[in-house]
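Take my numbering: the final residue in the sequence shown is number 353, and no numbers are missing along the way.
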Amino acid sequence: MPYPATRLRRMRRDAFSRALMRETTLLPSDLVMVAFVINGEARREPIASMPGTERVTVDELLKLAAECVRLGIPALALFPSPPASVKTEDGCEAWNPDNVFQRAARALKQQFPQLGLIGDVALDPYTTHGQDGLIDATGYIMNDATNVALAKMALAQAQAGYDFVAPSDMMDGRIGAIRTALEAAGHVNTRILAYSAKYASSFYGPFRDAVGSAANLGKGDKHTYQMDVANTDEALREVELDLAEGADAVMVKPGLPYLDIVRRVKDRFGAPTFVYQVSGEYAMLKAAAQNGWLDERASVLEALTCIKRAGADAILTYFALDAAKWLQENRSR
Ligand code: PBG
Numbered sequence: 021m022p023y024p025a026t027r028l029r030r031m032r033r034d035a036f037s038r039a040l041m042r043e044t045t046l047l048p049s050d051l052v053m054v055a056f057v058i059n060g061e062a063r064r065e066p067i068a069s070m071p072g073t074e075r076v077t078v079d080e081l082l083k084l085a086a087e088c089v090r091l092g093i094p095a096l097a098l099f100p101s102p103p104a105s106v107k108t109e110d111g112c113e114a115w116n117p118d119n120v121f122q123r124a125a126r127a128l129k130q131q132f133p134q135l136g137l138i139g140d141v142a143l144d145p146y147t148t149h150g151q152d153g154l155i156d157a158t159g160y161i162m163n164d165a166t167n168v169a170l171a172k173m174a175l176a177q178a179q180a181g182y183d184f185v186a187p188s189d190m191m192d193g194r195i196g197a198i199r200t201a202l203e204a205a206g207h208v209n210t211r212i213l214a215y216s217a218k219y220a221s222s223f224y225g226p227f228r229d230a231v232g233s234a235a236n237l238g239k240g241d242k243h244t245y246q247m248d249v250a251n252t253d254e255a256l257r258e259v260e261l262d263l264a265e266g267a268d269a270v271m272v273k274p275g276l277p278y279l280d281i282v283r284r285v286k287d288r289f290g291a292p293t294f295v296y297q298v299s300g301e302y303a304m305l306k307a308a309a310q311n312g313w314l315d316e317r318a319s320v321l322e323a324l325t326c327i328k329r330a331g332a333d334a335i336l337t338y339f340a341l342d343a344a345k346w347l348q349e350n351r352s353r
């Protein structure tokens, strides 16, 4: 029925009717907080390219976890930022059962058993070359040898108490390798969050500063294993394989520039679909807000709502604590 019988502005006129017709509501329970863990005690290190985000020692991490629990954020995704002294060509510190990353999980699980813990599985923070896997004499990242290392790393994390292991490396077959290793060791309920459609994106720059892999990576890039930013069909093939190999949830990464991928993945597979709002997305929003060019609160909540609208069941974001606070405040207004 054309105008004037149909006036779409009628429903937009008042807050109550806008609320009634709203399709997507962002909740704290959609969010996963992301944090970087460092050795030592009572220390927080700022990350220049990620203002407002810090690397924290385990005792400080416990405070951050308490905030997550208080705000209704269901899970925390951790990344290590180990000192140069433990880095090796094969990244073997990654599966050391007593490294700071496993100690973090044990401490968190003891104090906050209800808070889900997601461990990053990739070698880049631990290697002298900053690549996610093992390299051969030519510098090529070896697929199958890397999978053996990743399975050891995932197993060490499962043993330390991580609820989810999250391979972010993009080797072929690594989900199957990890699943087999977990089953063999009796960790049948450890979930795998597969970074299935992870693109060779320029938006990871600040993260590489945060975990300290940027300098080691130097002029190197990750184009021989992460996906070409121009592709979408390939993302579906990656997701299909990861689900077949035993992934419990799949991830699309980055977030905002990749919402077409999120929608296709969710529609095609209907699997739990996570989206990572990455460090570069965080940095852009922060920088614009700090310059007074964007309203931080409104633009962050908009970006997160749009990611959910595109089909995300959960969103990994450095804004999780702030966003959850803002959502609470909005509700009580
Ligand atoms: C590496 C890894 C990266 C991110 C998560 N895991 C960067 C990369 O692939 O170089 C990026 C996260 C972010 O930018 O916030 N295993």
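Heads up, the beta-carbon is just placed ideally off N, CA and C, and yes, glycines get one too.
None of these values were measured; they are calculated from a predicted model.
Check: Per DSSP, what kind of secondary structure is Val52 in: helix, strand or coil?; Outcome: strand
Check: When the Cα atoms are used, what is the spatial distance from Asp140 to Pro22?; Outcome: 53 Å
Check: Can you tell me the Cβ-Cβ gap for Ser222 and Glu258, rounded? I've got them flagged as a contact below 8 Å.; Outcome: Wrong, their Cβ atoms sit about 20 Å apart, outside the cutoff.
Check: Please classify Lys218: is it buried, with 16 or more other beta-carbons within 10 angstroms of its beta-carbon, or exposed?; Outcome: buried
Check: Starting from Pro226 and walking both ways along the alpha helix (DSSP H), at which residues does that stretch end?; Outcome: 225-230
Check: According to DSSP, is Ile18 helix, strand or coil?; Outcome: One cannot answer for residue 18 here, as it falls past the ends of the chain, which runs 21 to 353.
Check: Give the DSSP bridge partners of Tyr215, in chain order.; Outcome: Met271
Check: Got a sec, what are the start and stop residues for the alpha helix (DSSP H) Ile335 sits in?; Outcome: Here Ile335 belongs to no alpha helix (DSSP H); instead the beta strand (DSSP E) covers 334-337.
Check: Whole angstroms are fine: how far does the CA of Arg38 sit from the CA of Ile67?; Outcome: 39 Å
Check: According to DSSP, is Ala255 part of a helix, a strand, or is it coil?; Outcome: helix
Check: Hey, Ser69 and Ala303 are a contact pair by Cβ (cut 8 Å); roughly how many whole angstroms apart?; Outcome: 6 Å
Check: What residue ranges within the segment 292-336 form continuous beta strand (DSSP E) runs of no fewer than 3 residues, ordered along the chain?; Outcome: 293-296
Check: Is Glu109 helix, strand or coil when you go by DSSP?; Outcome: coil
Check: Touch check for the segment 175-183 and the segment 262-277: three-plus C-beta pairs under 8 Å?; Outcome: no
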